[in-house]
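J.: Just so it is clear: in the sequence shown, position 268 is 255 by the numbering used here, and no numbers are missing.
Heads up, the beta-carbon is just placed ideally off N, CA and C, and yes, glycines get one too.
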Amino acid sequence: MSEAAYDLQFTGERVVPGHVEPPLWAEHMARYAFAANFVAGRRVLDFACGAGYGSAFLRSAGARTVVGNDVAFEALRYAQTRYRRERPYLVVSDCLSSSFRSGSFDIIVSFEAIEHVSSYRKFLREARRILADDGLLVLSTPNKRTYTDEADRAENPFHTHEFYLDEFESELAEHFECVELFGQATIEGQLFFAGGKREAQTESSAELRGKRNEGLESTDFFIAVCANRAGARQLAAASELLYLGGTTELNRLRNDLARLQKEFDDKGRVDLEDRLVRLQQEFDERTRWALQLNTEVVEKEAQLAEQQVRLDSSNREVFRLQALAHELEDRVARLEAQLAGQVSSAKQAI
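(1) Could you pull the start and end residues of the beta strand (DSSP E) that Phe34 belongs to?
(2) Do you know whose CA, among Val58, Val26 and Leu311, lies nearest Phe44's CA?
(3) When the Cα atoms are used, what is the spatial distance from His6 to Ala277?
(4) How is the beta strand (DSSP E) around Ala214 delimited, first residue to last?
(5) Which word fits Leu195, buried or exposed, when buried means at least 16 other C-beta atoms lie within 10 angstroms of its C-beta?
(6) Could you give the first and the last residue of the continuous beta strand (DSSP E) run that contains Ser127?
(7) If you drop the 5 nearest sequence neighbours on each side, which residues of the same chain put their C-beta closer than 7 Å to that of Ala22?
(8) Mapping DSSP to helix, strand and coil, what is Tyr76?
(9) Got a sec, what are the start and stop residues for the alpha helix (DSSP H) Ala20 sits in?
(10) As a quick exercise: from Ala214, Leu111 and Tyr151, pick the residue whose alpha carbon is nearest that of Leu203.
(11) Can you name the residues that DSSP bridges to Thr282?
(12) Would you kindly check if the distance between the Cβ of Thr133 and the Cβ of Asp207 is under 8 Å?
(13) Expressed to the nearest angstrom, what Euclidean distance is found between the alpha-carbon atoms of Ser(-11) and Phe87?
(14) Could you please give the first and the last residue of the uninterrupted beta strand (DSSP E) stretch that includes Gly55?
(15) Do you know how far the Cα of Glu272 is from the Cα of Asp261?
(16) With DSSP collapsed to three states, give me the class of Val96.
(17) If we call anything under 8 Å between Cβ atoms a contact, is Leu222 one with Glu158?
(18) State yes or no: is the C-beta of Leu77 within less than 8 Å of the C-beta of Ala38?
(19) Looking at Asp33: is its Cβ nearer than 8 Å to the Cβ of Val3?
(20) State yes or no: is the C-beta of Glu8 within less than 8 Å of the C-beta of Ala245?
(21) With DSSP run on the structure shown, which of helix, strand or coil describes Asp139?
(22) Name the residue from Leu247, Asp120 and His103 whose alpha carbon lies nearest to the alpha carbon of Gly218.
(23) To the nearest angstrom, report how far apart Glu113 and Ala62 are at their CA atoms.
(24) Taking Cβ positions, are Leu166 and Ala172 nearer each other than 8 Å?
(25) Short of 8 Å in beta carbon distance, which residues of its chain neighbour Gln188, apart from the five on each side in sequence? Order them along the chain.
(26) Is it buried or exposed for Arg42, if we count other Cβ within 10 angstroms and need 16 for buried?
(27) What are the boundary residues of the alpha helix (DSSP H) that Gln221 is part of?
(28) Give the single residue among Ser47, Phe60, Gln329 and Ala100 whose Cα lies nearest to the Cα of Ile210.
Here is the structure:
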């Protein structure tokens, strides 16, 4: 089937290529560009992969294998159709209780998913279970302080739990011995800047903690790279990154064009809706006329049927009278014959 048959609409729950504004697209793709530092030659799981664009990107970035899982079948069907060339494996499964064997993956990436699930602790336990002992978990989530508390926007209906920095760091430390936090912020590109490493049971002083997290409190999104001690050496690959995709002057012109196109489409939609209303009114009027005409036809047909019944009754009466006339004519003929015979006999007798 064609790709169009499997198109997805953007509802706000997941990003769909071609259905979101360029800045939002750049924001999401930047995370995968950040994760690409870790995936070369590795077994990668895109945990809650959505429309699959990130799975395809990581496969193109040199991952040995990429598995994308998501609970939404329609999203994976779209991804399977759109990204056949990159050949990611796509699996329908719940992130809280997947069918993957323990230790199956070297790298797990999970972007903007943990805030959607019903239990973030189950989510982290499941990620830890299926991650190899020396593997890395790279995940992101919005900063509740800047994303919701300070932003002039309604609460996201698809989010079940958003994190403040301290809470996010503490929850990760419950499951992973080594955690390095980054912030993602939009400047003229997507900037990922380090907040410093945290190892469980160490660096507990408030002074070191505050220094380590300086700047992260005001970032747009948190990016965490997590490992246990066996994989701690891989954290060296987690470096600061400036992602420039989708932030050029050309992109700003595209944004203006998209805005103008939307205004044009909105006006066209209003005109189309007005035309549709007029056509519907004409259709309703013609329908009423047709129904009225049909009622008249039915009445005429009923009258015709009644007249036909009367005609049939009249025809039967005519046939009866004709038969009676023939019978009377026969009787007259017989009587005339009898009379003629009697006259002839009387003449002979004289």
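T.: From the atom records:
(1) The residue given as residue 34 occupies position 47 in the sequence shown. Counting along the chain, the beta strand (DSSP E) containing Phe34 begins and ends at Arg30 to Phe34.
(2) As a position in the sequence shown, residue 44 is number 57, starting the count at 1. Looking at the Cα atoms, Val26 is the closest of the given residues.
(3) Numbered from its first residue, the sequence shown carries residue 6 at position 19. Numbered from its first residue, the sequence shown carries residue 277 at position 290. For His6 and Ala277, the distance between alpha carbons rounds to 44 Å.
(4) One-based indexing of the sequence shown puts residue 214 at position 227. Start and end: Phe208 to Ala214.
(5) For the purposes of this step, residue 195 is taken as the residue at position 208 of the sequence shown. Residue placement at Leu195 cannot be trusted, given a pLDDT of 46 that sits under 50; the coordinates are not used to answer.
(6) Locating residue 127 in the sequence shown gives position 140, counting from the first residue. Its beta strand (DSSP E) spans residues Leu118 to Pro129.
(7) Here residue 22 is taken as the residue at index 35 of the sequence shown, counted from 1. Excluding residues up to 5 positions away in sequence, Leu45, Val96 and Val125 lie with their Cβ nearer than 7 Å to the Cβ of Ala22 in the same chain.
(8) Locating residue 76 in the sequence shown gives position 89, counting from the first residue. It is a strand residue.
(9) As a working note, residue 20 is residue 33 in the sequence shown. Per DSSP, Ala20 belongs to the alpha helix (DSSP H) from Pro9 to Ala22.
(10) Looking up residue 203 in the sequence shown gives position 216. Comparing Cα positions, the closest option is Tyr151.
(11) Against the sequence shown, residue 282 aligns to sequence position 295. Paired residues: none, contrary to the question.
(12) If you number the sequence shown from 1, residue 207 lands on position 220. If you number the sequence shown from 1, residue 133 lands on position 146. The Cβ-Cβ distance between Asp207 and Thr133 falls below 8 Å.
(13) Looking up residue -11 in the sequence shown gives position 2. Looking up residue 87 in the sequence shown gives position 100. Low confidence applies to Ser(-11): its pLDDT is 43, below 50, so where it sits in the model is not reliable, and the reading given next is rough at best. Rounded to whole angstroms, Ser(-11) to Phe87 spans 31 Å at the Cα level.
(14) The sequence position of residue 55 within the sequence shown is 68, counting from 1. Where Gly55 is concerned, the enclosing beta strand (DSSP E) stretches over Thr52 to Asp57.
(15) Locating residue 261 in the sequence shown gives position 274, where the first residue counts as 1. Locating residue 272 in the sequence shown gives position 285, where the first residue counts as 1. If you draw a straight line from the Cα of Asp261 to the Cα of Glu272, it comes to about 17 Å.
(16) One-based indexing of the sequence shown puts residue 96 at position 109. Three-state DSSP puts Val96 in a strand.
(17) In the sequence shown, the residue the question calls residue 222 occupies position 235. In the sequence shown, the residue the question calls residue 158 occupies position 171. Taking 8 Å as the cut-off, the beta carbon of Leu222 is found no closer than this to the beta carbon of Glu158.
(18) Position 90 of the sequence shown, counted from the start, is the residue given in the question as residue 77. Position 51 of the sequence shown, counted from the start, is the residue given in the question as residue 38. Contact: no.
(19) By 1-based counting over the sequence shown, the position of residue 33 is 46. By 1-based counting over the sequence shown, the position of residue 3 is 16. Against a cut-off of 8 Å, the Cβ pair of Val3 and Asp33 comes out as no contact.
(20) For the purposes of this step, residue 8 is identified with residue 21 of the sequence shown, where counting begins at 1. For the purposes of this step, residue 245 is identified with residue 258 of the sequence shown, where counting begins at 1. Taking 8 Å as the Cβ cut-off, Glu8 and Ala245 qualify as a contacting pair.
(21) Residue 139 sits at position 152 when you count from the first residue of the sequence shown. Residue state for Asp139 is assigned as coil, using DSSP reduced to three classes.
(22) Reading the sequence shown from its first residue, position 231 is the one you call residue 218. Answer by Cα proximity: Asp120.
(23) For this step, residue 113 is matched to residue 126 along the sequence shown. For this step, residue 62 is matched to residue 75 along the sequence shown. The straight-line gap from Cα to Cα measures roughly 22 Å.
(24) For the purposes of this step, residue 166 is identified with residue 179 of the sequence shown, where counting begins at 1. For the purposes of this step, residue 172 is identified with residue 185 of the sequence shown, where counting begins at 1. A small correction: the amino acid at residue 166 is Val; Leu does not occupy that position in the sequence shown. Cβ distance not < 8 Å, so Val166 and Ala172 don't count as in contact.
(25) Working through the sequence shown from its first residue, we reach residue 188 at position 201. No answer about Gln188 holds up, because its pLDDT of 43 lies below 50 and its placement is not dependable.
(26) Along the sequence shown, one-based indexing puts residue 42 at 55. A small fix is needed here, since residue 42 is Ser in this sequence, not Arg. When all chains shown are included, Ser42 counts as buried.
(27) The residue you call residue 221 lines up with position 234 of the sequence shown. Element bounds for Gln221: n/a, residue is neither H nor E.
(28) To locate residue 210, count along the sequence shown from 1; it is residue 223. Ranked by Cα distance from Ile210, the options Ser47, Phe60, Gln329 and Ala100 are led by Ala100.
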